[in-house]
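Let me begin by presenting the structure, written as structure tokens, before commenting on it.
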Amino acid sequence: MSSFSRSAQQWATFARSWLLIDARMQPPGKIASVCSVRLQGKHKPIYHPLSDIGDHVVVMNTRHIAFSGNKWEQKVYSSHTGYPGSFKQLTAAQMHQKDPTAIIKLAVYGMLPKNLTRRTMMQRLQLFPDDLLPDDILRNLTEELPQPREIPRKLSEYTQEERDAFPMLWTPFRAELRCRPVRMVC
Amino acid sequence: MRKRERARRRARPGREGVRKGGRERMKERHLLLCRWVKFHIAGSAIYPRFLIGQGAVNTHCGYYECHHSCITPSGFRQAGKCLKRLFLMNEIEGVIEPTSERPQPPNPTASCPIYRWNLQNKYNYTDVLLLSQFIRSDGGMLPQRITGLCAQEHTKIAICVQMAHRAGLLPDHKPPLPVGHVPKPKSNPPLNRYLTRYSVNSVKPIYKTGLKWCKKRMSVGHSALKNNVRYSPKPLYIKH
Chain B
1 MSSFSRSAQQ WATFARSWLL IDARMQPPGK IASVCSVRLQ GKHKPIYHPL
51 SDIGDHVVVM NTRHIAFSGN KWEQKVYSSH TGYPGSFKQL TAAQMHQKDP
101 TAIIKLAVYG MLPKNLTRRT MMQRLQLFPD DLLPDDILRN LTEELPQPRE
151 IPRKLSEYTQ EERDAFPMLW TPFRAELRCR PVRMVC
Chain U
1 MRKRERARRR ARPGREGVRK GGRERMKERH LLLCRWVKFH IAGSAIYPRF
51 LIGQGAVNTH CGYYECHHSC ITPSGFRQAG KCLKRLFLMN EIEGVIEPTS
101 ERPQPPNPTA SCPIYRWNLQ NKYNYTDVLL LSQFIRSDGG MLPQRITGLC
151 AQEHTKIAIC VQMAHRAGLL PDHKPPLPVG HVPKPKSNPP LNRYLTRYSV
201 NSVKPIYKTG LKWCKKRMSV GHSALKNNVR YSPKPLYIKH
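Chains B and U supply the protein sequences, listed in that same order. Per UniProt numbering, residue 1 is the first one in the first sequence, and the count goes up by one each step. Per UniProt numbering, residue 1 is the first one in the second sequence, and the count goes up by one each step.
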């Protein structure tokens, strides 16, 4: 802002802010790409790969992420420690059950640049399985990032007025419809 | 067919047996209807509207109103047969009532309801208000001959309904549990998913994905919906 003094402007430009993102019903890959951009500092016009101007990112509700397709069953995370017989392959569902933050952590790790700054950026990423955040982090948070995926509404979340306003496409044979009584002549 | 014939023969008393009078038969029919059916053929001027109910059995005239405990297909069929018999024996008269004001479809001459409303490539698994019009209360699809959908749209709607069920967007359309059945407490809470093409238990993990030129991809969404209208410049991404 041009109304700031020089020192205040300097501080505002180079400060490391704390950003929050809610991962409920979101695909972990999209969350991870948003996190990686912010951790590297690529959203700032003063970006340089050596200048370490990335922000802190806090991801909450990682337990409630939503994979598209059948990825919970099909996606496999493999690891090998180097010792014989230690090749482990876990599906995304098994991985998530073991550690609810692991999927997003691995996704962000894979999206960051493969150099020595990656580890420091991963230290600046905080993952929490539920929306319970510690006090000191809550006090540091400055901004909440918008969710990448629009969560669709369940049928139970629509009000009766919205349901009535939606036209019937065909004449149904349903007994639940209200009807006016008819005089039966026998 | 044979079972029905046998049941009919058993139900019908033989010539030696006592024949039931008209009122007794009416009572039976009435009980049947009250047990099974809240019956109402709705809607347009084409179908006459009947409303049958718990009135006093002796009075044949007056308003009848039925309450139902469950609607089953066999119940519907039974009620329909009873109504037809009553109608043919001139015990009911159908009065065609004028319907309430409803919005008119922009293309009324088409045979399929989707084409009537010009929604051909415009719906998705998230349009739950549309999909709920073509499903039963336990979540299954209604048959084509009832809804009037054409074959392609019927399959597309069925696919979208399946995807909506798996995404948890239709929580009230679950099949009813057997009476007295207590569901076991699940150790893992259900995982959130969307655009799932295949059934959850049928899919195997991809242990070896393969090289870039022959990678085993994970499919998302369904290719039947590939012609849907897209308002963003990015193409539809089915193979992840």
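Every residue, glycine too, gets a C-beta built ideally from N, C-alpha and C. On a predicted model such as this, the values are computed, not experimentally measured, just so you know.
Straight-line gap, residue i to residue j (C-alpha atoms, nearest Å)
| i | j | result |
| --- | --- | --- |
| residue 240 of chain U | residue 139 of chain B | 39 Å |
| residue 172 of chain U | residue 161 of chain U | 13 Å |
| residue 101 of chain U | residue 118 of chain U | 20 Å |
| residue 132 of chain U | residue 108 of chain U | 21 Å |
| residue 6 of chain U | residue 91 of chain U | 28 Å |
| residue 226 of chain U | residue 157 of chain U | 14 Å |
| residue 100 of chain B | residue 59 of chain B | 12 Å |
| residue 121 of chain U | residue 168 of chain U | 23 Å |
| residue 48 of chain B | residue 206 of chain U | 39 Å |
| residue 78 of chain U | residue 85 of chain U | 11 Å |
| residue 106 of chain U | residue 116 of chain U | 6 Å |
| residue 145 of chain B | residue 180 of chain U | 47 Å |
| residue 7 of chain B | residue 165 of chain B | 57 Å |
| residue 56 of chain B | residue 2 of chain B | 26 Å |
Contact list for residue i against chain U, beta-carbon separation under 8 Å
| i | result |
| --- | --- |
| residue 65 of chain B | 192 |
| residue 91 of chain B | 205 |
| residue 18 of chain B | Those within 8 Å of residue 18 of chain B in chain U number zero; the least Cβ separation is about 26 Å. |
| residue 109 of chain B | The premise fails here: residue 109 of chain B is roughly 18 Å from chain U at the closest Cβ pair, so nothing lies under 8 Å. |
| residue 146 of chain B | Correct list: empty, because the minimum Cβ distance to chain U is about 17 Å. |
Closer than 7 Å at the beta carbon, the chain U residues around residue i
| i | result |
| --- | --- |
| residue 73 of chain B | 200, 203, 205 |
| residue 76 of chain B | 205, 206, 207 |
| residue 38 of chain B | Within chain U, no residue comes near residue 38 of chain B; the closest Cβ sits about 22 Å away, beyond 7 Å. |
Residue i, buried or exposed, once every other Cβ within 10 Å from all chains shown has been counted against 16
| i | result |
| --- | --- |
| residue 210 of chain U | exposed |
| residue 19 of chain B | buried |
| residue 103 of chain U | exposed |
| residue 134 of chain B | exposed |
| residue 38 of chain B | buried |
| residue 165 of chain U | buried |
| residue 169 of chain B | buried |
| residue 66 of chain B | buried |
| residue 70 of chain B | buried |
| residue 161 of chain B | exposed |
| residue 62 of chain B | buried |
| residue 9 of chain B | exposed |
Rounded distance between the beta-carbons of residue j and residue i, thought under 8 Å
| i | j | result |
| --- | --- | --- |
| residue 218 of chain U | residue 196 of chain U | Not really, about 11 Å apart at Cβ, beyond 8 Å. |
| residue 68 of chain B | residue 27 of chain B | 6 Å |
| residue 136 of chain U | residue 142 of chain U | 6 Å |
| residue 54 of chain B | residue 149 of chain B | Actually they are not in contact, since the Cβ atoms of residue 54 of chain B and residue 149 of chain B sit about 24 Å apart, beyond 8 Å. |
Amino acids of chain B, ordered along the chain, whose beta-carbon sits closer than 7 Å to that of residue i
| i | result |
| --- | --- |
| residue 188 of chain U | 97 |
| residue 220 of chain U | 68, 69 |
| residue 113 of chain U | 169, 170 |
| residue 154 of chain U | Ordered by position in chain B, no residue passes the 7 Å Cβ test against residue 154 of chain U, which lies about 12 Å from the chain. |
Interface partners of residue i on chain B, CB under 8 Å
| i | result |
| --- | --- |
| residue 195 of chain U | 68, 69 |
| residue 138 of chain U | Here the premise fails: no neighbours, minimum Cβ distance about 14 Å. |
| residue 148 of chain U | 170 |
Contacts of residue i in chain B (Cβ-Cβ under 9 Å)
| i | result |
| --- | --- |
| residue 163 of chain U | By Cβ distance, chain B contributes nothing, its closest Cβ being about 10 Å from residue 163 of chain U, past 9 Å. |
| residue 133 of chain U | 166, 168, 169, 170, 172 |
| residue 102 of chain U | 167, 168 |
| residue 117 of chain U | 167, 169 |
Proximal chain U residues relative to residue i, where beta-carbon distance stays under 9 Å
| i | result |
| --- | --- |
| residue 106 of chain B | Chain U residues near residue 106 of chain B: none, gap ~15 Å exceeds 9 Å. |
| residue 155 of chain B | 128, 129, 131, 132, 164, 169, 170, 171, 172, 173 |
| residue 25 of chain B | 192, 194 |
CB contact below 8 Å: residue i versus chain C
| i | result |
| --- | --- |
| residue 158 of chain B | Of the protein chains in this structure, namely B and U, none is chain C. |
Report task. Evaluate the contact criterion for the segment 214 to 234 of chain U versus the segment 86 to 96 of chain B: three or more CB pairs, one atom per stretch, below 8 Å. Result -> no
Three or more C-beta pairs below 8 Å linking the segment 16 to 33 of chain B and the segment 97 to 109 of chain B: yes
Checklist entry - Are the segment 141 to 151 of chain U and the segment 181 to 193 of chain U in contact at 8 Å, needing three or more beta carbon pairs? => result no
query = Are the segment 106 to 116 of chain B and the segment 30 to 49 of chain B touching by the rule of at least three beta carbon pairs closer than 8 Å?
reply = yes
Original post:
Any chance the segment 116 to 132 of chain B sits against the segment 198 to 212 of chain U, with 3 or more Cβ pairs inside 8 Å?
Top reply: no
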